[in-house]
Amino acid sequence: MDYEILLERYQNMLSNYIKVRGERALYKGQQFSRKMIEQNVSPEEVVSLHIEVLNNLLPDLDEKMYASLEFLLEVMIGYGFAYREHQSLRDRQQQLDSEIDIAANVQQSLLKGKVPDCDFIDIGVISQPAKKMSGDYYHFVMDDNNCISVAVADIVGKGIPAAMCMSMIKYSMDSLPEQRMQPGAMLESLNRVVEQNVDPSMFITMFYGIYDPRIQEFSFASAGHEPGFYYSADSDYFDELSAKGLVLGLSRTTTYQEYVKTVGPGDMIILLSDGVTECRTEKGFIEREEIIAMIRRNMHLSAQKIVDNVFYELEKLQDFELRDDFTLLVMKF
Amino acid sequence: METQASVKIRNEWDIVQARQLGRELSKEMGFGQVDQARITTAISELARNIYLYAQNGEIDVEAFGKVGRIGLKIISTDQGPGISDIRLVMQDGYTTSGGLGAGLPGVKRLMDDFKIHSQEGRGTEIVAIKWLR
């Protein structure tokens, strides 16, 4: 808006208000202020405009009144300062947001591991970041012998630092093919990588397991990761899939015990990140039993349907507000 | 047009003197009320920086012409400790005096042209210009 037009419009509105004092005139003033904000007119300019208009409308106004308005103008300069800084910080915020969006896309393409498609296990996965970037990680690999390995990791801490750390984990795992049949050795190698390369304030918990269909055994090890569940079809019972082990990155010499479970048809293995068990409801943290109950209610469905439905139920319980990165995996044998 | 005046900054009262100089010159040159206030505020901030961080320095104001344009130039020089990280102090939101929007980025925005040169242990020179439209 041209300054002359601005002046004229302001003058019309002000003279109208001085005459009739109606709410309508005030409403126009409010709309006008919005327009001025859009055009980056700063507070001191508004006061200056006001003084000029007043000069036109009431030329006989007391000199002292003008002096007081000049004083006001001077005081408003400081607000103009703050206003402009606010605008520039807002621009910077937008720029940061778009950078994070790009980084999140890069991460998503890194994360997008293919879930193996095979006839002896039905696999369902859901992984949702709380913010734009996730500190959760999962990865499946199927080798030439149809052995399927699965890793779930949770980087303690959220957001960008966690996400950067996650990328490192992914590449380290890719470069350790000899250990992939031995969960304990795999975690020991990763532990050394993390210990050497990651800031001591960051911890990573990880579950690593591999299923060998030839002997129907699932061997696994855990580095302080949230225990998963094992469902036995024979006894129709959910058990903790617990394994002992220190989190990655604490000490260079940590060793990890390997556990083996024989898995039969109809059995299930459920892996998760603590974002699942730390879902907060009005009554406090959700109980692991409640998660088991949710899975049980859905276990006649496909693995993907199970995780989708459980996620939806938990999301609903928390009014659709995710506080932590959420990852849930179901393997139906 | 060549008018020049300067004020040494040693105490808070000198800040007011510097403001006064800027106000008079900008008025004389025909700047509008808002620009007068902006120029004065810029001078005020620069003088205050000298007073707070360098204890010893001066503010010069001058009217000068350049290829058909007339501008008011503020030169702030001090022999203070200098600024070790200029990029940091030129960042919005960074200020040691705690005021919203104050500091050098604020001054830069109030003026049309802004140049800063600083050497640690030697002092700081800032040149800021407002063009008469």
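Here the protein sequences line up with chains A and B, keeping their order. Its first residue numbered -18, the first sequence is counted upward by one per residue in the working numbering. Its first residue numbered 42, the second sequence is counted upward by one per residue in the working numbering. No residue lacks a Cβ here, since even glycine has one placed at the ideal position from N, Cα and C.
Alpha-carbon to alpha-carbon, residue 65(A) and residue 1(A) = 35 Å
How long is the line joining the alpha carbons of residue 279(A) and residue 290(A), rounded to whole angstroms?
-> 7 Å
At what residues does the beta strand (DSSP E) containing residue 252(A) begin and finish?
-> 249 to 253
C-alpha distance - residue 165(B) paired with residue 237(A), whole-angstrom precision | 60 Å
Return the chain-ordered list of same chain residues with a C-beta closer than 6 Å to the C-beta of residue 206(A), the five sequence neighbours on each side being excluded.
-> 186, 187, 188
Those residues which DSSP pairs with residue 243(A) across a bridge | 198(A)
According to DSSP, is residue -4(A) helix, strand or coil?
-> helix
Determine whether the Cβ of residue 106(B) lies closer than 9 Å to any Cβ atom of chain A.
-> no
How many angstroms separate the CA atom of residue 304(A) from the CA atom of residue 89(B)?
-> 46 Å
Cross-chain neighbours of residue 58(B) in chain A, by beta carbon under 9 Å = Think of a sphere of 9 Å around the beta carbon of residue 58(B): no beta carbon from chain A falls inside it, the nearest being about 17 Å out.
Residue 131(A) beta carbon less than 9 Å from that of residue 118(A) | no
Looking at C-beta atoms only, is the number of pairs between the stretch 84 to 99 of chain B and the stretch 126 to 134 of chain B that lie closer than 8 Å three or more?
-> no
Unbroken beta strand (DSSP E) run spanning residue 109(A), endpoints = First-last of the beta strand (DSSP E) with residue 109(A): 103 to 109.
Who are the neighbours of residue 82(B) on chain A, taking C-beta pairs under 7 Å?
-> Simply 58.
Could you check which residue in 202(A), 38(A), 183(A), 215(A) has the C-alpha nearest to that of residue 223(A)?
-> The shortest Cα separation from residue 223(A) among 202(A), 38(A), 183(A), 215(A) belongs to 202(A).
In the structure shown, what three-state DSSP assignment does residue 311(A) receive?
-> strand
Out of curiosity, what's the CA-to-CA distance linking residue 140(B) and residue 104(A)?
-> With a pLDDT of 49 at residue 140(B), under the threshold of 50, the predicted position of this residue should be treated as unreliable, though the coordinate-derived value follows. Residue 140(B) and residue 104(A): Cα-Cα distance of roughly 57 Å.
Report all residues from its chain with a CB closer than 8 Å to the CB of residue 46(B); omit the five preceding and five following residues, and keep chain order.
-> 62, 66, 101, 102, 103
CA-CA distance, residue 268(A) and residue 299(A)?
-> One C-alpha to the other measures close to 14 Å.
Are the stretch -13 to -5 of chain A and the stretch 26 to 39 of chain A in contact at 8 Å, needing three or more beta carbon pairs?
-> yes
Residue from 266(A), 170(A), 144(A) whose Cα sits closest to the Cα of residue 156(A) | 170(A)
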